[in-house]
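Before any comments, here is the structure.
Protein chains in written order, with my numbering: chain A, 83 to 270; chain B, 239 to 412.
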């Protein structure tokens, strides 16, 4: 199996003629397709939607490859594309949703204070709502830390910044989510 | 309460979403790279509700339903229905000449624009004209009945009674 080069080389190839650019796209698919699939599926809760969106995301990467100048890390750019494509797709499908949805994203631990008060589906829905209120960078860090369980240095390697900076980013994201959830829980 | 509430996120456990097998991702890569080939039609992802087979199936169902409905409607039209308007006056009269027992005054009254008044020659001629209008051929009618004014009233009444025709007041109007 061929090893995947570093991000700098991938971006270089992406800006070359079609043959090399296509190789770069292949590397991107190899590197990120599983993560993107899991992320998009968390948002859509459905395989068919996820498949459609994922294909469209990679096609958008291909179409806009020359516009990516490396001002941000590659995964940050890809994540933004994935997020926007998902929003657009879900809007179009909204009136025609008749497909089977995945079960809940999260549930309370057994020892948690709110265990038993809300079902997994309910708390998952509230968490999704809370996430949708976050700015893109905070949402990205939360997804990577909370759902993907990445270490801070791994996160920094993929989206840049510093370990301290990303810790602060994650702390702010969590605080906003908690504030949102407390408000919703008190209304129940 | 506030202190505990700050750890809501920490009290959550992530439930893993299902992920397809390796083959899916291999096929995905092939599909993605194929789409980047030159002169390859760049199809947009079509949302479910825009896919042709959904609407095609609906159209076929509607067409078949409409077809059966139409053929049902056609069958409802009685083919054996006939009316005097399809026959010429001569044909009608010849028929009753041969089959006087079938002469149904009520049927005639409903089928012909005017009831034939045998007592009044003027009305008889008028009804002939009216009946003739019903026939496209508009054939001249050879009316073989005697003129009414040549027959005495009493003879007419006796005839009608013998034949069993109901006598109504109109028959007595001059």
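Beta carbons: idealized from backbone N, C-alpha and C, even for Gly.
Residue pairing by DSSP places residue 251/B opposite 189/A in a beta bridge. Under DSSP, residue 200/A shares a beta bridge with 197/A.
Its Cα nearest to that of residue 187/A, the residue 206/A stands out among 195/A, 206/A, 194/A and 198/A. Here residue 246/B carries a coil assignment [DSSP, helix/strand/coil].
Distance from the CA of residue 127/A to the CA of residue 116/A, rounded to the nearest whole angstrom, comes to 15 Å. For residue 269/B, the enclosing alpha helix (DSSP H) starts and ends at 260-273. By the Cβ neighbour-count rule, residue 250/B is buried, with 16 or more other Cβ atoms within 10 Å of its own.
Residue contact check for residue 299/B against chain A: no CB pair falls below 9 Å. Pairing residue 160/A with residue 257/A, the inter-Cα distance amounts to about 26 Å.
Cα atoms of residue 108/A and residue 125/A: separation of roughly 24 Å, rounded to the nearest angstrom. Listed along chain A, the residues sitting closer than 7 Å to residue 273/B by beta-carbon distance are 141. Residue 171/A and residue 272/B have their C-alpha atoms spaced approximately 22 Å apart. Setting aside the 5 residues that flank it on each side, residue 163/A is surrounded in the same chain by 139 and 142, each with a C-beta closer than 6 Å to its C-beta; the list follows chain order.
The contact set of residue 190/A on chain B, defined by CB atoms closer than 8 Å, consists of 249, 250 and 251 in chain order. In terms of Cβ geometry, residue 92/A and residue 113/A form a close pair [threshold 9 Å].
Note that the stretch 245-256 of chain A does not touch the stretch 256-263 of chain B; fewer than 3 beta-carbon pairs, one per stretch, sit closer than 8 Å. When only Cα atoms are considered, residue 137/A and residue 211/A end up about 25 Å apart. Note that the C-beta distance between residue 165/A and residue 123/A is not below 9 Å. Straight through space, the alpha carbons of residue 154/A and residue 235/A are spaced by roughly 17 Å.
Scanning the stretch 107-183 of chain A from its first residue to its last, the whole alpha helix (DSSP H) runs of 4-plus residues come out as 129-145 and 156-175. At a cut-off of 9 Å between beta carbons, residue 291/B makes no contact with chain A. Out of 275/B, 247/B and 248/B, the CA that lies nearest to the CA of residue 100/A is found in 275/B. Interface annotation, residue 221/A: not in contact with chain B, CB-CB separation never under 9 Å. Under a criterion of Cβ atoms nearer than 7 Å, the residues of chain B adjacent to residue 120/A are, in order, 255 and 257. Distance from the CA atom of residue 111/A to the CA atom of residue 302/B, rounded to whole angstroms, is 46 Å.
Here residue 184/A is near residue 255/B, since their CB atoms are less than 9 Å apart. Non-local beta-carbon contacts of residue 105/A in its own chain, meaning distances under 7 Å to residues more than five positions away in sequence, involve 95 in chain order.
Burial is judged here by how many other beta carbons sit within 10 angstroms of a residue's own beta carbon; residue 144/A has at least 16 and is buried. Spatial neighbours of residue 238/A in its own chain (CB-CB distance under 7 Å, excluding positions within 5 residues in sequence) are listed in chain order as 244, 245 and 248. In the structure shown, residue 219/A falls within a helical segment according to DSSP collapsed to helix, strand and coil.
Neighbours of residue 265/A in chain B, taken as residues at a C-beta separation under 7 Å, are lacking, since the least C-beta distance is about 10 Å.
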